[in-house]
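This is how it looks when you write it as structure tokens:
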């Protein structure tokens, strides 16, 4: 299941991001310490919060399925337009404080270099990997942060807890994913025993709703 999990995340990342611009060595010259910083902070937080991996993976899926992996889920509301994080499906997301801690630590070493989208991708990987004492998959870097975050865009991009299998297949198809990816996702749910608001494991939606 670890292999399937890694493959699914790779497919998702390359589908909803511009794959041509992503690289494992994107910060080699500008911030070579980035992965070490993320890993060390995640290790501290997971000691007190064993469910952090589930929280950050859920946050990453909620981010990627709306505007792509652009960290728009992290943005706060400005003016009169509510941000994504204020939409009902996102009000139960956890881990924002962890991302803030990582961002602050990185800014002290590499100011204005590393995107929040890359931080979220690394943090999710490291939180899930923490119990295994090694990185479970490689994260390609180079995502750009979005500047638009609208709660109104959540509907139609994240599945309803009442969605049937056909609806889920169509939603995944719209993101460049297929039935096999949906099945892998259901396996991830079983493997990591993630529990959310409804009996979503039967609908393959636990990680993205």
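Numbering (mature numbering (1 follows the signal peptide of the UniProt record, and there is no 0)), first residue to last: -19 to -1, 1 to 190.
We put the beta carbon where it would ideally sit given N, CA and C, even for glycine.
CB contact flag (residue 66, residue 79, <8 Å): Against a cut-off of 8 Å, the Cβ pair of residue 79 and residue 66 comes out as no contact.
For residue 123 and residue 9, believed in contact at Cβ under 8 Å, the rounded distance: Not really, about 11 Å apart at Cβ, beyond 8 Å.
Cα-Cα separation between residue 11 and residue 93, rounded to whole angstroms: One alpha carbon belongs to residue 11, the other to residue 93, and they sit about 10 Å apart.
Closer than 7 Å: residue 150 CB and nearest the ligand GTP heavy atom: Annotation note on the ligand GTP: not contained in the displayed structure, which lists no ligands.
When 148, 134 and 91 are compared against residue 18, the one with the closest alpha-carbon: With respect to the C-alpha of residue 18, the residue from 148, 134 and 91 having the closest C-alpha is 91.
Per DSSP, the bridge partner or partners of residue 96: DSSP lists no partner for residue 96.
Anticipated Cβ contact below 8 Å, residue 107 with residue 23, distance rounded: 4 Å between Cβ atoms; contact.
Buried versus exposed, by CB contacts within 10 Å (16 or more), residue 28: Exposed, since its Cβ has fewer than 16 Cβ neighbours within 10 Å.
Paired residues, beta bridge with residue 122 - DSSP: DSSP output for residue 122 lists 4 as bridge partner(s).
Residue(s) in a DSSP beta bridge with residue 139: DSSP lists 136 as partners of residue 139.
Assumed close pair residue 139, residue 120 - CB separation to whole angstroms, cut-off 8 Å: Rounded to whole angstroms, the Cβ separation of residue 139 and residue 120 is 22 Å, and the two are not in contact under 8 Å.
Beta-carbon separation (whole angstroms), residue 47 vs residue 134, contact threshold 8 Å: In this structure, residue 47 and residue 134 form a Cβ contact; the two beta carbons are roughly 6 Å apart against a cut-off of 8 Å.
Nearest-angstrom Cα separation, counted from residue 7 out to residue 177: Annotation note: pLDDT 36 at residue 177 (below 50); position unreliable, coordinate value reported separately. As the crow flies, the alpha-carbon of residue 177 is around 34 Å from that of residue 7.
Alpha carbon of residue 129 to alpha carbon of residue 146, nearest angstrom: Separation of residue 129 and residue 146 (C-alpha to C-alpha, rounded to the nearest whole angstrom) is 31 Å.
Same chain, Cβ closer than 7 Å to residue 153, neighbours up to 5 away in sequence not counted: Around residue 153, the same chain offers 159, 162 and 163 as residues with beta carbons nearer than 7 Å, after the five sequence neighbours per side are excluded.
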